[in-house]
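Before any comments, here is the structure.
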Amino acid sequence: MAGPLLEISQNGSSRQVPVGAEPITIGRQIANMVVIEDTEASRFHCVVEKVANGFRVRDLGSRNGTKVNGQLVKVALLDQDDVVTIGKTELRLVSPAPTAKSSASAKPQAAMSLKPAQGSGDDDVADEGGLDFLANDDYDPLAEPVMEDQGGAGGAGPMIDQGGPPTDSLMRMADALPEKSFNHYDIALISARGQIAHPAGAPKKKDGDTVGEAVTLLRLLLLVCFRTGASDIHIEPKNDIYLVRVRIDGIMVDAAKLKKEMGVRLCAVVKVISEIDISQRNSVQEGSFSTRVPDRRVDYRVSFTPAMYGQKCVIRVLDAANAPRYLWDLGLPEWMFNDIDKKIRGDSGMVLVCGPTGSGKTASLYATLRSIDAGERNVITIEDPVEIQIEGITQMPVQEDRGNTFAALLRSVLRQDPDVILVGEIRDAETARTAIQASMTGHLVFSTVHARDCVGTIFR
Numbered sequence: 004m005a006g007p008l009l010e011i012s013q014n015g016s017s018r019q020v021p022v023g024a025e026p027i028t029i030g031r032q033i034a035n036m037v038v039i040e041d042t043e044a045s046r047f048h049c050v051v052e053k054v055a056n057g058f059r060v061r062d063l064g065s066r067n068g069t070k071v072n073g074q075l076v077k078v079a080l081l082d083q084d085d086v087v088t089i090g091k092t093e094l095r096l097v098s099p100a101p102t103a104k105s106s107a108s109a110k111p112q113a114a115m116s117l118k119p120a121q122g123s124g125d126d127d128v129a130d131e132g133g134l135d136f137l138a139n140d141d142y143d144p145l146a147e148p149v150m151e152d153q154g155g156a157g158g159a160g161p162m163i164d165q166g167g168p169p170t171d172s173l174m175r176m177a178d179a180l181p182e183k184s185f186n187h188y189d190i191a192l193i194s195a196r197g198q199i200a201h202p203a204g205a206p207k208k209k210d211g212d213t214v215g216e217a218v219t220l221l222r223l224l225l226l227v228c229f230r231t232g233a234s235d236i237h238i239e240p241k242n243d244i245y246l247v248r249v250r251i252d253g254i255m256v257d258a259a260k261l262k263k264e265m266g267v268r269l270c271a272v273v274k275v276i277s278e279i280d281i282s283q284r285n286s287v288q289e290g291s292f293s294t295r296v297p298d299r300r301v302d303y304r305v306s307f308t309p310a311m312y313g314q315k316c317v318i319r320v321l322d323a324a325n326a327p328r329y330l331w332d333l334g335l336p337e338w339m340f341n342d343i344d345k346k347i348r349g350d351s352g353m354v355l356v357c358g359p360t361g362s363g364k365t366a367s368l369y370a371t372l373r374s375i376d377a378g379e380r381n382v383i384t385i386e387d388p389v390e391i392q393i394e395g396i397t398q399m400p401v402q403e404d405r406g407n408t409f410a411a412l413l414r415s416v417l418r419q420d421p422d423v424i425l426v427g428e429i430r431d432a433e434t435a436r437t438a439i440q441a442s443m444t445g446h447l448v449f450s451t452v453h454a455r456d457c458v459g460t461i462f463r
């Protein structure tokens, strides 16, 4: 008998995709098995995968959530004709031909617990005709590793896979994503001095090698970032554990829970390759490191800040491959693209990019700068720090300990005969005043402001 089909309905049209043993990832990113052009969908939204005697849908930490039969879920078993809703897009499992029997009807399992189910619970069997997706009434979906929902019903929440050690759960998370051009052992870790601290290659397992385990854990976290396009890694000390989270599409998603000892070792490895003093634990510390993968080099900015139960570590991923390269890659509506394109070709004025942390302000500005002909204009940037180097542009890092603040550098830049100036962030009144004056005296000024919306920018 032919296998089931996944029917995708969007904007009045539909298409069908065969469903088999291979997981089907769904989202806006072109690397997905099923690409949907829905503005409410995340880049990697959910996955439909085969489990024991059936199929299930699993949300991948999407921004707007995944619904099954109208109910927000993290994980749900699917029966024939169950409707999976992503924004305005509907997906359903259908049979290629009528069959005799169907078994247990699917029941969406929002907020699944990983504890064994108590009692018999849902054992009802539907005898209506349809495809036999779940032939075994005794099948317990909780017996398989699932993503635990600890964030309440609905929305994008934690995606922690508790089925085994953190390295195994991170590997399962990475394997559920379609981008598999390289593996975690293909990632070479490069120190802040540019020296290879841990070369690429499958590590040799040694009993009691806690450092090697921490390095593997870091590589797996970086692999998840490569495959999801995550912008940040947060390693947060709690009372008796370390919680690791990643920011995907602006949303924080739980990735792993570590024992206290492993969390400390992971932070120590990050400090060593970032050239940060590991003996200091009660002060603010910053550093950087890089990775080399088969097709490119990626830089990372590291920040340690004291918290109640230890230092919190945040790793900013500066991967140019995940950022839009030019203005036309931002996916703007035609009218908005034309307005911005006209503005950046002007001789003076100011363009402010506003939004919360991780929303893509800097990436949008870099894409805009690449669209400017730097060969004909003198383009200078002031950044804290310089995240991505752009050819043909003069980029200046802020060094407040040496007096090189945004305001001081901006005043200096105005004597460098600039045509276009990018101020990484307007943080104070002096910088704002100088930037506005520059925009009114024959300079084109770009900058960012931390605000939720355009109205909030005015109040800032």
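Per my numbering, the very first residue in the sequence shown carries number 4; after that it's consecutive.
Where is the CB? At the ideal position from N, CA and C, for every residue including glycine.
Keep in mind it's a predicted model, so treat the numbers as computed, not measured.
- M255: member of the beta strand (DSSP E) spanning 254–262, first to last residue.
- Inter-residue distance for V97 and P181 is about 23 Å (C-alpha atoms, whole angstroms).
- Given a length threshold of 3 residues, each whole run of the beta strand (DSSP E) inside the stretch 346–398 is given here in chain order: 352–358, 382–386.
- Take D85, set aside five residues on each side of it, and the residues of its chain with a beta-carbon closer than 7 Å to its own are V71, N72, R95, L96, A109, in chain order.
- For A411, the enclosing alpha helix (DSSP H) stretches over residues 409–416.
- S306 and V51 have their C-alpha atoms spaced approximately 37 Å apart.
- By the C-beta density criterion, M265 is buried, having at least 16 other C-beta atoms within 10 angstroms.
- Nearest neighbour of D420 by Cα position, chosen from Q288, R284, I383, V320, turns out to be I383.
- Taking all protein chains shown into account, V218 has 16 or more neighbouring C-beta atoms within 10 Å of its C-beta and is therefore buried.
- The alpha-carbon separation between L412 and D235 amounts to approximately 28 Å.
- Membership of A200 in any alpha helix (DSSP H) is not indicated; the residue belongs instead to the beta strand (DSSP E) covering 199–201.
- A Cβ-Cβ separation of about 13 Å leaves L221 out of contact with V267 under the 8 Å criterion.
- In the DSSP assignment, L173 falls within the alpha helix (DSSP H) that extends over 169–178.
- In the same chain as A271, and ignoring 5 residues on each side of it, the C-beta atoms closer than 8 Å to its own belong to A217, I281, in chain order.
- A residue is called buried when at least 16 other Cβ atoms come within 10 angstroms of its Cβ; Y303 meets this threshold and is buried.
- Bridge pairing for R59: E52, L80 [DSSP].
- At a Cβ-Cβ threshold of 7 Å, V452 and R463 count as neighbours.
- In its chain, beyond the 5 residues on either side, I29, G30, R31, S65, N67, I89, G90, T92 have a beta carbon closer than 8 Å to the beta carbon of A44.
- The three-state reading of DSSP puts Y188 in helix, counting H, G and I together.
- In the structure shown, the three-state DSSP call for I279 is coil.
- Taking E278 as reference, the option from N285, R284, L269, F292 with the minimal CA-CA separation is F292.
- Here S415 is not near L355, since their CB atoms are 7 Å or more apart.
- Distance from the Cα of V275 is smallest, within the candidate group R405, L192, D376, I39, for L192.
- In the DSSP annotation of this structure, F47 is not part of any beta strand (DSSP E), being labelled neither H nor E.
- Counting the other CB atoms within 10 Å of its CB gives A24 a total below 16, which places it among the exposed residues.
- For T88, the uninterrupted beta strand (DSSP E) run begins and ends at 86–89, by DSSP.
- Between V247 and A258, the C-beta spacing is below 7 Å.
- The three-state reading of DSSP puts L335 in coil, since its state is none of H, G, I, E or B.
- Taking 7 Å as the cut-off, the Cβ atoms of A310 and P240 count as close.
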